[in-house]
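Each remark here refers to the structure printed beneath this line.
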Ligand code: AMP
Ligand code: ZN
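In the working numbering, the protein residues as written are 12 to 122.
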C-alpha cells in the first residue's frame, strides 16, 4: 500500500472518517467535501489505483451492492447517482479506486 494514500490511511485507521458501512474488503464513508446532501464513497480496502486496474468481477459487484446498501441505509431507497472518476483525465483526485454515491439535493454535478 502506498504510504501516502489517503484512503489506505483511512482503511488502516490512521485518518478519521465518518464510516457508514464496513464489510469484508470494503469500507464506505462520507465524502469530506459533499457535493450532495448525501455523498458517500465506497472503497475497496485493497489499494487499486483506478478502475482500469480492477480485475476482480466479484469485487466490482460487491462494490455496487455496497453502494445500494449505503444509499438505502442513508434513506435513499428512491435511488441515487453512482459514478467513478477514472484517472487524472477523468477528474480522479484520489488515486485509490472509489465509487461515489450521491443522493438527495445535488449541490453540484461532477466536473
Ligand atoms: P475523485 O475526485 O473522483 O477522485 O473523488 C475523490 C473524493 O474524495 C472527493 O470528492 C473528495 O472530497 C474526497 N476526499 C478526499 N479526501 C478525503 C477524506 N480524507 N475523507 C473523505 N473524503 C475525502
Ligand atoms: Zn490506497
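Note that CB positions come from ideal geometry on N, CA and C, so glycine has one too.
If you're wondering where the values come from, they're calculated on a predicted model, not measured in any experiment.
Are the CB atoms of residue 53 and residue 112 nearer to each other than 8 Å? In the chain shown, the residue the question calls residue 53 occupies position 42. In the chain shown, the residue the question calls residue 112 occupies position 101. Yes.
Closest by CA to residue 88, which one among 115, 74, 19? Taking the first residue of the chain shown as position 1, residue 88 is located at position 77. Closest by alpha carbon: 115.
Please tell me whether residue 81 and residue 51 are closer than 8 Å, where the distance is taken between their beta carbons. Here residue 81 is taken as the residue at index 70 of the chain shown, counted from 1. Here residue 51 is taken as the residue at index 40 of the chain shown, counted from 1. Yes; because the gap between Cβ atoms is below 8 Å, this pair is in contact.
Relative to the C-alpha of residue 32, which candidate in 24, 41, 97, 26 has its C-alpha closest? In the chain shown, residue 32 corresponds to position 21, counting from 1. It is 41.
Between 101, 47, 14, 22, which has its C-alpha nearest residue 117's C-alpha? Along the chain shown, read from residue 1 onward, the residue named residue 117 stands at position 106. It is 47.
I'd like to check one pair, residue 61 with residue 106: are the Cβ atoms closer than 8 Å? In the chain shown, the residue the question calls residue 106 occupies position 95. In the chain shown, the residue the question calls residue 61 occupies position 50. Taking 8 Å as the Cβ cut-off, residue 106 and residue 61 qualify as a contacting pair.
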